[in-house]
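Right, one structure below, let's go through it.
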Amino acid sequence: MAAPYFYEPQINKRHTSFELSEESSKHAVQVLRMEVGETIQLTNGQGVLFTASISIAHKKHCQVSILSATEIPAPVKQHHIAVSPLKNNSRIEWFLEKATELGIHRITPLICQRTEKQVVKQERWQQILIAAMLQSQQVWLPILDTPTRFTDFIQAKQKGTKLIAHCLPNEKKALTTFAAANDCLILIGPEGDFSEAEIETALAAGFQPVSLGDTRLRTETAALTAAVILQQF
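The opening position of the sequence shown corresponds to residue 225 in the working numbering, with each subsequent residue numbered one higher.
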């Protein structure tokens, strides 16, 4: 059985011993009932995987001895999805979890003209990303931006190939056309789609229109479809 994974953002390669956070301590000692001498794995979410042995099994102040630290190179593909938040929290949270499992590099909550819910539970979203990173045994935590208004986002300097998935019947290329690129940024709009003005603004700023298929998708399905295509093809 693989050693359990824990997220500790403060740990670094200089540590020879480390005290787990109270949350991690409780999970290791009280929930998993781990004891002195048992092995766990830790990551700081920045590409380092630590193997450690429990030296003090305390439910609030569990301490470990670091056995090894391995640097994992950043993924070659560093894709960025800017997606409109949804009124239904569970649907967008499902996307966050799956996007993290797939290895998406960055997620931006994009506040559009037709976005129904403009307030994001940032801390909860962050916890979903952390849990998904641990569950999928990764060591790179996706970057989660603060909510950004569409016009501000478009005007900012962005990295990589810039794409927009909208529903207007304009000429578009299939997203698979760009799947070989290592750095893509794709915009996914709200339930009512981007406004025509937003689409025009994006195109004028160099965003290329793409198609995700022949059917009209919900926001969270469109975002996940984009993640799958960009990461897997």
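All residues carry an ideal CB built from backbone N, CA and C; glycine is no exception.
Distance from the CA atom of V363 to the CA atom of C286, rounded to whole angstroms, is 21 Å. Buried is the label assigned to D417, since at least 16 other Cβ atoms lie within 10 Å of its Cβ. According to the DSSP assignment, A252 belongs to no beta strand (DSSP E), since it is labelled neither H nor E. In the displayed model, I296 falls within coil according to three-state DSSP, outside both helix and strand. Looking at F274, K250, R373, E243, the one whose alpha-carbon comes closest to that of K237 is F274. Beta-bridge partners assigned by DSSP to H304: R330, L409. Straight across, the Cα-Cα distance linking E340 with A450 is about 22 Å. When secondary structure is reduced to three states using DSSP, K397 falls in the strand class.
Its chain contains I278, A281 as the residues whose beta carbon lies nearer than 6 Å to that of V260, once the 5 sequence neighbours on both sides are disregarded; these appear in chain order.
DSSP places R442 outside both helix and strand once states are collapsed to three, so it counts as coil. Per DSSP, I354 is one residue of the alpha helix (DSSP H) stretching across 346-359.
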